[in-house]
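Per numbering that gives the first Met the number 0, the sequence shown starts with residue 0, numbered consecutively.
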Amino acid sequence: MARKKIGLIGAGNIGGELANLAVLKQLGDVVLFDIPAKENFAKGKALDLEQATSLSGADAHVTGTGKWEDVAGADVLIVTAGIPRKPGQSRDDLVATNLPIIRDVADNAKKHCPNAFVIVISNPLDAMVYEFKRRTGFDAKKVVGMAGVLDSARFALFLARETGASIKDVRAMVLGGHGDDMVPALAYTTINGVPVRQLVAKETLAKIVDRTRKGGGEIVSLMGTSAYYAPAAAAIAMAEAYLGDQKRLLPSAAYLTGQYGCKDLYVGVPVIIGKGGVEKIIEVELDEEERGMLKKSIDSVQKVVDVVKASA
Ligand code: APR
């Protein structure tokens, strides 16, 4: 069977780590794409990664390019093209710079990779994935945004450290938009089935929820740029679910058509990812407070999407 082709659009910090993980997990051959001005950078990164395969033993080719033709026919596209946050910036501050970039990527993806399963990471995530889908006209099942898996991973780590439990046993679920009003769903957050509310005091839990919401910003203020190891690991989990038809339930930005009282918007919700892409959107019960928080988060996403639509 031919190896799968993984196209990574953006060869920066997240792109490089995505490539590394895709090779190590042998998901397929990797093409690292960047703009012409950074084509050599992409080529150098690809060569470095490919040389590492003689130590890891991974059978994968890694190519760096500035030409979309080289990405043609990709089975999976992961999009990180854009500018990351700097200290003091919100994700929404990135709209003006990243909107023309996502449009350029969407037009080329439509032309060269019409059958790909597309995972968008560029921020502001919920608006960028919306625009990608709108612009390409791709089936909503094949276009998804990476945020919930990352936000849930951050939440899970903080809970593991607070409780002393193994990270393996923490199941965390964060819903809503990928912004500071995301919604940690406590009823679905457990240490191997035991609800965290039974294990962590209310005030401590509130602090952990707050740290999770600002989890991206905490890293931006420490590093001066945004995170890349955990975002890459999160997107790779989604790509693996698709390529391996794993039917994993993963919180992801999915196109809603009435679920959670929301229409024509990408919002973070639990979905099943398998060979059909986003095969199912799961509607979970939320308590009144969580429903209120989700509504607020949806309203924030809508505001950014309205800005995007107004400039279409
Ligand atoms: N097509 C392809 N790549 C592009 C384009 C384009 N039109 N425009 C910019 N890029 C490339 C940049 O040249 C850069 O190499 O995208 C890459 C982004 O890499 P970094 O600046 O290192 O940013 P990174 O940390 O990887 O984050 C990328 O993901 O989480 C989000 O907020 C983050 O929007 C940002 C994105």
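The beta-carbon is built from N, C-alpha and C at its ideal position, and this holds for glycine as well.
Quantities reported herein were computed from a predicted structural model and do not represent experimental measurements.
Looking at ligand 1, does it come within less than 7 angstroms of residue i, judged from the CB to the closest heavy atom?
{"i": "K66", "result": "no"}
{"i": "G144", "result": "no"}
{"i": "N97", "result": "yes"}
{"i": "D33", "result": "yes"}
{"i": "Y227", "result": "yes"}
{"i": "K37", "result": "yes"}
{"i": "D106", "result": "no"}
{"i": "R10", "result": "The identity of residue 10 in the sequence shown is Ala, whereas the question assumes Arg. True, at least one ligand heavy atom lies under 7 angstroms from that Cβ."}
{"i": "I120", "result": "yes"}
{"i": "R84", "result": "yes"}
{"i": "L93", "result": "yes"}
{"i": "D58", "result": "no"}
{"i": "T188", "result": "no"}
{"i": "T224", "result": "yes"}
{"i": "I297", "result": "no"}
{"i": "A80", "result": "yes"}
{"i": "I100", "result": "yes"}
{"i": "D74", "result": "no"}
{"i": "D28", "result": "no"}
{"i": "D305", "result": "no"}
{"i": "G14", "result": "yes"}
{"i": "D103", "result": "yes"}
Kindly indicate which three-state DSSP category residue i falls into: helix, strand or coil?
{"i": "R247", "result": "strand"}
{"i": "I227", "result": "The sequence as given places Tyr at residue 227; Ile does not occur at that position. If DSSP states are grouped into helix, strand and coil, Y227 belongs with coil."}
{"i": "L54", "result": "helix"}
{"i": "G65", "result": "coil"}
{"i": "V169", "result": "strand"}
{"i": "F137", "result": "coil"}
{"i": "D103", "result": "helix"}
{"i": "I8", "result": "strand"}
{"i": "T79", "result": "coil"}
{"i": "V193", "result": "strand"}
{"i": "A73", "result": "coil"}
{"i": "K183", "result": "According to the sequence provided, residue 183 is Pro. The question's Lys does not apply to it. The answer is strand: DSSP assigns P183 an E or B state."}
{"i": "D198", "result": "The question names Asp, but residue 198 in the sequence shown is Leu. In the structure shown, L198 sits in coil (DSSP, three-state: anything other than H, G, I, E or B)."}
{"i": "A236", "result": "helix"}
{"i": "A377", "result": "What the structure shows of the chain is the stretch from 0 to 311, and residue 377 is not part of that stretch, so it cannot be assessed."}
{"i": "T188", "result": "coil"}
{"i": "G175", "result": "strand"}
{"i": "A1", "result": "coil"}
What first and last residue would you give for the beta strand (DSSP E) that runs through residue i?
{"i": "K206", "result": "It is not in any beta strand (DSSP E) - K206 instead sits in the alpha helix (DSSP H) that spans 201-212."}
{"i": "F116", "result": "116-119"}
{"i": "E278", "result": "276-280"}
{"i": "D28", "result": "28-32"}
{"i": "G144", "result": "142-144"}
Given this structure, state the Cα-to-Cα distance separating residue i from residue j, to the nearest angstrom.
{"i": "D305", "j": "A234", "result": "26 angstroms"}
{"i": "D168", "j": "V268", "result": "21 angstroms"}
{"i": "G223", "j": "I272", "result": "33 angstroms"}
{"i": "G147", "j": "Q301", "result": "18 angstroms"}
{"i": "V173", "j": "K279", "result": "17 angstroms"}
{"i": "R84", "j": "K42", "result": "25 angstroms"}
{"i": "K132", "j": "L46", "result": "32 angstroms"}
{"i": "D244", "j": "P86", "result": "39 angstroms"}
{"i": "V75", "j": "G144", "result": "13 angstroms"}
{"i": "G72", "j": "A95", "result": "30 angstroms"}
{"i": "G163", "j": "T203", "result": "14 angstroms"}
{"i": "A10", "j": "A200", "result": "42 angstroms"}
{"i": "S121", "j": "G216", "result": "15 angstroms"}
{"i": "D69", "j": "T62", "result": "9 angstroms"}
{"i": "D138", "j": "E287", "result": "33 angstroms"}
{"i": "D28", "j": "T52", "result": "12 angstroms"}
Return the first residue and the last residue of the alpha helix (DSSP H) that residue i is part of.
{"i": "Y265", "result": "It is not in any alpha helix (DSSP H) - Y265 instead sits in the beta strand (DSSP E) that spans 262-273."}
{"i": "Q301", "result": "287-309"}
{"i": "G147", "result": "147-162"}
Sorry if obvious, but does the Cβ on residue i come closer than 7 angstroms to a heavy atom of ligand 3?
{"i": "P230", "result": "Looking at this structure, you won't find ligand 3 anywhere; what it does contain is ligand 1."}
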